[in-house]
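First comes the structure, then the notes that go with it.
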Amino acid sequence: MKAIRVSEYGGPSVLKLEEVSALKPGPTQVLVRNHAVGVNPVDTYLRSNTDNRGPKLPYTPGSDSAGVVEAVGESVKGVKAGDRVYVGGTVSGAYAEQTLCEQTQVHALPGNASFAQGAAVNVPYATAFHALFHRAHGESGESVLVHGASGGVGIAAVQLARARGLTVIGTAGTDKGRRTVLEQGAHYVLDHNAPSYLAEVVKLTNGQGVDVILEMLANVNLQKDFGALAMRGRIAVIGNRGNIEINPRLAMNKNAAILGVALFHASPAQLVGIHGALVEGLRNGSLRPVIHEELPLAQASKAHEAVMQNGHVGKIVLVP
Ligand code: NAP
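Listed below in C-alpha cells is the structure:
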C-alpha cells in the first residue's frame, strides 16, 4: 500500500509517497481503509521538528482520517469490517491508504457525513470541545469570541458553541471566511485585520466584553484580548506561534484566567465524552465540517504549504 513517509525532518519536500508493507491488526486493533485524511497545522510542526517534538524517524504523518474498517483483531468488540468510521489518533500514521488504530481511536461516522468531513473531525472538533467546555467551562447564556473562526478549529468552535446556546462572535481575515463563519452559526462576525475590531466586541456585548475567548493566535492577540474580555472572563489559548509580552495587571483587573489548551493532554475519560458528543453532533446535523480543498495523497507537501497560509476556509483533506 502507498503511504507518505518522512525520513528526515525539514520543509514540506521531505514528505515522500512510498510503497510500504500492507498492515495487519493486532488483537486489540482495527485496520481502516482511508478514503480521506485530515491535514492539521501540528503535522507541519512535527515534520519540521519544531520544539524537538518530531516523532522517531522514519514515520508516516497524520492523526486524522475517515474510511471503512477492513479488518479487526480477535479481541475487538463493537466494530466490524465494513463499518464507516472516523479516526482520532493512529498507531501507524494517517497519511496512507491504510491506517492501523487501537479500537479506542475509531468512532462511528454517521451516514450523513462524507469521508472528507469525517477526516476533518478529530483534531479540530475535539480541540474546540476540550477548549470550550473542559478548559473554559463555556455555558449556555454566556458569550464567546472565537478569535480565528474560519479555520478547522474555529468553525468547529462556532458550531459547538452555537449548539450549546452561547452567543457567538467569530473573526476571519477574508470576505469568504466571514461569510462562512456566519453561515456556520456565529451571531456576529468581525475582521481580525481591521483596526478597531475588538472595540466592536465590547459594543456587541453592551459594554461588558465576552465571557470566553478561544484564541487561535495568542502571540499576536493575547495582550489586546483583555480589552474585549468580561469580568471573570476566561481566555483559552489554542494556537500560538511565537512570543508576546503582556501586562499581567490586565488579568488581575478582571479576575481573568488564561488557560493553556492541548488536546494531547485530554484524559482518556474526557476523550470518551468528547467523541460521544461529536458522533451525536454529526448524526443530528449540528456539526458539519467544512472542507476547503481535497488534494491527492501524493500532494501532501502542497497541503502542508497551504495549511500554514492564511485565507483557507475550513479543512484541507488528502484523498488516497
Ligand atoms: P487553520 O485551519 O489554519 O486556521 C487558522 C485560523 O487562524 C484561521 O481562522 C485564520 O483566519 C486565523 N487567523 C489568522 N490570523 C489571525 C489573527 N491575527 N487573529 C486571529 N486569528 C487569526 O488552523 P486550525 O487547524 O484551525 O488551528 C488553529 C491554531 O490552533 C493553529 O495554530 C494550530 O496549530 C492550533 N491547534 C492547537 C491545538 C491544541 O491542542 N492546542 C489543536 C489544534 C490546533 P484567516 O485565515 O481568515 O485570516
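Position 74, counted from 1, in the sequence shown is what this note's numbering calls 606; the numbers after and before it change by one each time, with no gaps.
Where is the CB? At the ideal position from N, CA and C, for every residue including glycine.
Since the model is a prediction, treat every value here as computed from it, not as a measurement.
- Linking VAL574 to GLY771 through their CA atoms gives a straight-line distance of about 10 Å.
- Note on the stretch 619-651: whole alpha helix (DSSP H) runs with a minimum of 4 residues are 647-651, in chain order.
- Judged by pairs of C-beta atoms under 8 Å, the stretch 662-670 touches the stretch 742-756, as three or more such pairs exist.
- In this structure HIS679 does not touch MET763 by the C-beta definition: roughly 19 Å separates them, more than the 8 Å allowed.
- Here the alpha carbons of GLN740 and VAL822 stand approximately 32 Å from one another.
- By the C-beta criterion, the stretch 633-646 is judged not to be in contact with the stretch 701-714, since fewer than 3 inter-stretch pairs fall below 8 Å.
- In this structure GLN561 is buried. Its beta-carbon is surrounded by 16 or more other beta-carbon atoms within 10 angstroms.
- With respect to the C-alpha of VAL851, the residue from GLN841, LEU829 and SER682 having the closest C-alpha is LEU829.
- Judged by their CB atoms, HIS844 and PRO544 are not nearer to each other than the 7 Å cut-off.
- With a 10 Å radius around the Cβ and a threshold of 16 neighbouring Cβ atoms, PRO727 comes out exposed.
- Within 6 Å of the C-beta of SER682 there is at least one heavy atom belonging to the ligand NAP.
- According to the DSSP secondary-structure assignment, PRO828 is paired through a beta bridge with VAL851.
- In this structure, the beta-carbon distance from VAL564 to VAL611 does not fall below 7 Å.
- Per DSSP, reduced to three states, the secondary structure at TYR541 is coil, with no helix or strand assignment.
- At the C-beta level, ILE848 and VAL569 stay beyond 7 Å of one another.
- By the CB criterion at 7 Å, VAL685 and ALA718 fall outside the cutoff.
- At the C-beta level, SER675 and THR636 stay beyond 7 Å of one another.
- For VAL845, the three-state secondary structure derived from DSSP is coil.
- Of the other Cβ atoms in all chains shown, 16 or more fall within 10 Å of the Cβ of ALA681; this residue is therefore buried.
- When secondary structure is reduced to three states using DSSP, GLY717 falls in the coil class, being assigned neither helix nor strand.
- Your pair SER580 and GLY625 does not check out as a contact, with CB atoms roughly 16 Å apart and the cut at 8 Å.
- A straight line joining the alpha-carbon of PRO557 with that of LEU632 spans about 7 Å.
- Taking C-beta atoms as the reference points, TYR618 and LEU641 count as a pair closer than 7 Å.
- For ILE778, the secondary structure class from DSSP, reduced to helix, strand or coil, is coil.
- In the DSSP annotation of this structure, the continuous segment of the beta strand (DSSP E) that includes LEU677 starts and ends at 675-679.
- Burial check for SER595: the Cβ neighbour count within 10 Å reaches 16 or more, so the residue is buried.
- In this structure, the alpha-carbon of ALA613 lies about 26 Å from that of GLU826.
- DSSP, read as helix, strand or coil, puts ASN816 in helix.
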